[in-house]
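In the numbering used here, the protein residues as written are 14 to 126.
Right, here's the structure in full:
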């Protein structure tokens, strides 16, 4: 059976130094960065907790791109990458679900127009 380290060393599944992967991560980072700026502007305009939560969730999404770039550039080891990426995925989902649950129309304690 082939050792995983052998495959990685031979460039079989390695991500470190992969130019195509770095381009994809960079494009994703630029796109997510633009979305983050839009979410900041929306929060600045509305100044509500819902918009702040969306802004934080998109900021965490941007952090995922930074972790991905760090992995491709060799700064973030793959085990750390997986731990961080999946933790950030969970955090994003939790923030979005909290925003939807806590600020849904008809939430107890919230006045309706």
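Ideal Cβ positions, reconstructed from N, Cα and C, are used throughout, including at glycine. The structure displayed is predicted, hence computed values, not measured ones.
Restricting to Cα atoms, I'd like to know which of 90, 118, 82 and 54 is closest to residue 42.
Nearest of 90, 118, 82 and 54 to residue 42, Cα basis: 82.
Straight-line Cα distance separating residue 91 from residue 29:
9 Å
Alpha-carbon spacing of residue 67 relative to residue 87, whole angstroms:
30 Å
Please go through the same chain and pick out, in chain order, the residues whose beta-carbon is closer than 7 Å to the beta-carbon of residue 74, but skip the five residues on each side of it.
45 and 105
Smallest Cα separation from residue 109: which of 119, 97, 62 and 84?
Ranking 119, 97, 62 and 84 by Cα distance to residue 109 puts 62 first.
So, helix, strand or coil for residue 84, using DSSP?
Helix, per DSSP.
Nonlocal neighbours in the same chain, by C-beta distance under 8 Å from residue 89, ignoring five residues either side
Cβ neighbours of residue 89 within its own chain (closer than 8 Å, five residues either side excluded): 80, 83 and 97.
Rounded straight-line distance, which links the Cα of residue 51 to that of residue 39
Distance between the alpha carbons of residue 39 and residue 51: 18 Å.
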